[in-house]
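To keep things clear, I will list the structure first and then write my remarks on it.
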Amino acid sequence: MSTSADYLGRKEDDVNNQSNLRSRDIRSTRTAESRKSAISTLKSSSSSQKLRVERRRLFPSIEYASRVSHFDPQSNYRDFQGFYVLFWVALTIMVITTVMRNVKDTGYPVRVEIWRLFTVKVWELAYADVLMISTTVVSLLLHRFFQSKPGKKMGLRWHVGGMAIQSAYQLIWFSFWVAVPFLQEWTWTAQVFLTLHTFVFLMKMHSYAFYNGHLSEIELRLHALDEKSTPSLESVYQTPNIGDRLTPEESCAKSQETSKFSVLREDLANELTSATGSVTYPGNLTWSNYLDYLLCPTLCYELEYPRTERVVWSRLGYKILAVFGVIFLLTITSEEFILPVLAESATRIENVNTFSETALILAETISMLLFPFMITFLLVFLIIFEYVLGAFAEITCFADRHFYSDWWNSTDWMEFSRKWNIPVHHFFRRHVYSASSPHIGRRMATFGTFLLSSLGHEIVMACITKKVRGYGFLLQMSQLPIVVIQQTRWVKEKRVLNNVCFWCSIILGTSMICSLYVLC
């Protein structure tokens, strides 16, 4: 009995083992089929379906793809706002440490040498600035006189006496206001302010006068076309003869001539009207239009500008506060890191007699001013093109606020001149380069544009240092042969190297020019 029972037990175990093996085979087959189905589903599914599958995984997975780093030359990433924030954080740290050091050394948070310069004859500066701006209205009065009956009776127009009068007035006006700070013996801060303001309103006055002069000549041409197209009474009442009938060829030629005449007249009429059609010459020759143009952050006059819907007062307040904040930073930088170095170097140079010792002191001064002038350069850029122009754009609802482009990526000086100061670039391209290139050629027009810009910079340096040395003029004119080299095929392809050279030139150039003008 026991033997038969053992036999039956072993038989039952064999049956159970076989059934377990069959179930395992079935499960493994199902698992393999599920894997194959999942793989085929993933291959055929869309990206969104794949993303849902990845999210449903029980263990977190990492998404890998073919990508480059943000600083890689092939990267398209351009958002570096954090570095802008880092710049301001670094300046804040610089101010805090400087104030703490001043309190420790002198008992006062800041030095007062430059601050005192801001208040010397400040009311004289204010009166002179208002008077300087007011005297630019001669351009408006001159063009209103062209449109008046006495002006038309005298035969005075833009190309007949008007341009000469305007040019002579601009020359006398500019010479007078540049000389005023020297005659009044103002401080260099007041002198630089008035000189730069004089340059700005000289360009504004020139653009207003010459653009409206162009429109006045267009208006005269349009009137001449209208008079030419108006038939006389004799031709209206004259009975046509049979022999006066035109042939088909003559009729076709006359029709083409009439069509060209209509197109020309339409083009001239469009030239006298703004893009939206709301302002037409000479209806723009008003006091309100001229005042609006003076306040707009642009140097090129147009009949109409794009506008925003309203003034954003919070943004305007931020811009105004930023102006005073950057002035404070510029003053701290000059007081702590620039003036002491220049004063010490000037004393040392007075006590040396050899050229080698002078050159060594000059080199040391330049090296010590590299970082302070780099900070000054960036702060001057921000206060002018971001905050001052931005504030006036907000006040006037001026919508086009593209005052600069990515000049920090420049690879040659020509690119920098286009991107660094877009309002001035537009003025020189419109009123200097484009006005002169049809007469003297593109190369000479480029040379003349650089020459005029170099003279302007030299005048500003002469106002700051009370010296005429020509260092800045020579260095800026030397950009022309450098640009020719940079435009060659072999050099132009080295964008990173060219950008490095550009930044080295900016940092070294500002420090070197200041040292040369002050110490030599």
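Residue 1 is where the sequence shown starts when you use full-length UniProt numbering, and the numbers rise one by one after that.
Here a beta-carbon is modelled for each residue, glycine too, at the ideal position from N, C-alpha and C.
Counting the other CB atoms within 10 Å of its CB gives residue 212 a total of 16 or more, which places it among the buried residues. The Cβ atoms of residue 285 and residue 144 sit closer than 8 Å to each other.
Residue 390 sits in a helix when the DSSP states are folded into three classes. Cβ-Cβ distances below 8 Å link residue 225 to 261, 264, 265 and 268 in the same chain, with the five nearest sequence neighbours on each side left out; the list follows chain order. In the DSSP assignment, residue 145 falls within the alpha helix (DSSP H) that extends over 138–147.
Within the model, the alpha-carbon separation for residue 408 versus residue 448 is close to 26 Å.
If you draw a straight line from the Cα of residue 464 to the Cα of residue 194, it is about 11 Å long. Annotated as proximal: residue 452 and residue 432, with beta-carbon spacing under 8 Å.
Using a Cβ-Cβ distance cut-off of 8 Å, the region 317–333 and the region 351–366 are not in contact, since fewer than three pairs of beta carbons, one from each stretch, lie closer than that value. Boundaries of the alpha helix (DSSP H) harbouring residue 484: 479–486, taken from the DSSP string.
With a threshold of 16 other beta carbon atoms within 10 Å, residue 100 falls short and is exposed. In the three-state reduction of the DSSP assignment, residue 107 falls in the coil class, being assigned neither a helical nor a strand state. Excluding its 5 nearest sequence neighbours in each direction, residue 274 has C-beta neighbours in its own chain below 6 Å: 303 and 304, listed in chain order. CA-CA distance, residue 467 to residue 352, rounds to 22 Å. By the Cβ criterion, the region 102–115 is not in contact with the region 160–177, since fewer than three pairs of Cβ atoms, one from each stretch, lie closer than 8 Å. For the region 414–460, the full-length alpha helix (DSSP H) segments reaching 4 residues or more read 422–428 and 434–440 along the chain. Pairing residue 437 with residue 422 gives a Cβ-Cβ distance that is not under 8 Å.
Looking at the DSSP output, residue 280 bridges to 273. The region 147–196 is shown to contain whole alpha helix (DSSP H) runs of 4 or more residues at 149–153 and 162–184, in chain order.
Burial of residue 191 is indicated by the presence of at least 16 other C-beta atoms within 10 angstroms of its C-beta. If you draw a straight line from the Cα of residue 112 to the Cα of residue 414, it comes to about 40 Å. With the rule of 3 Cβ pairs closer than 8 Å, the region 307–324 does not count as touching the region 472–485.
C-alpha of residue 402 to C-alpha of residue 388: approximately 13 Å in a straight line.
Three or more Cβ pairs drawn from the region 136–152 and the region 205–219 lie within less than 8 Å of each other, which places the two stretches in contact.
DSSP lists no beta-bridge partner residue for residue 221. Within 10 angstroms of the beta-carbon of residue 203 lie 16 or more other beta-carbons, which makes it buried. Between the alpha carbons of residue 398 and residue 214 lies a gap of roughly 24 Å. Secondary structure at residue 80: coil, using DSSP grouped into helix, strand and coil.
By alpha-carbon distance to residue 174, the top candidate from 151, 187, 199 and 161 is 199. If you draw a straight line from the Cα of residue 210 to the Cα of residue 348, it is about 52 Å long.
Distance from the CA atom of residue 376 to the CA atom of residue 507, rounded to whole angstroms, is 10 Å. By the neighbour-count criterion, in which a residue is buried when 16 or more other Cβ atoms sit within 10 angstroms of its Cβ, residue 476 is buried.
Residue environment for residue 412: buried (at least 16 other C-beta atoms within 10 angstroms of its C-beta).
Between residue 338 and residue 369, the C-beta spacing is below 8 Å. DSSP places residue 398 within a strand segment (E or B) once states are collapsed to three. In terms of CA proximity to residue 342, 520 leads the group 520, 385, 90 and 122.
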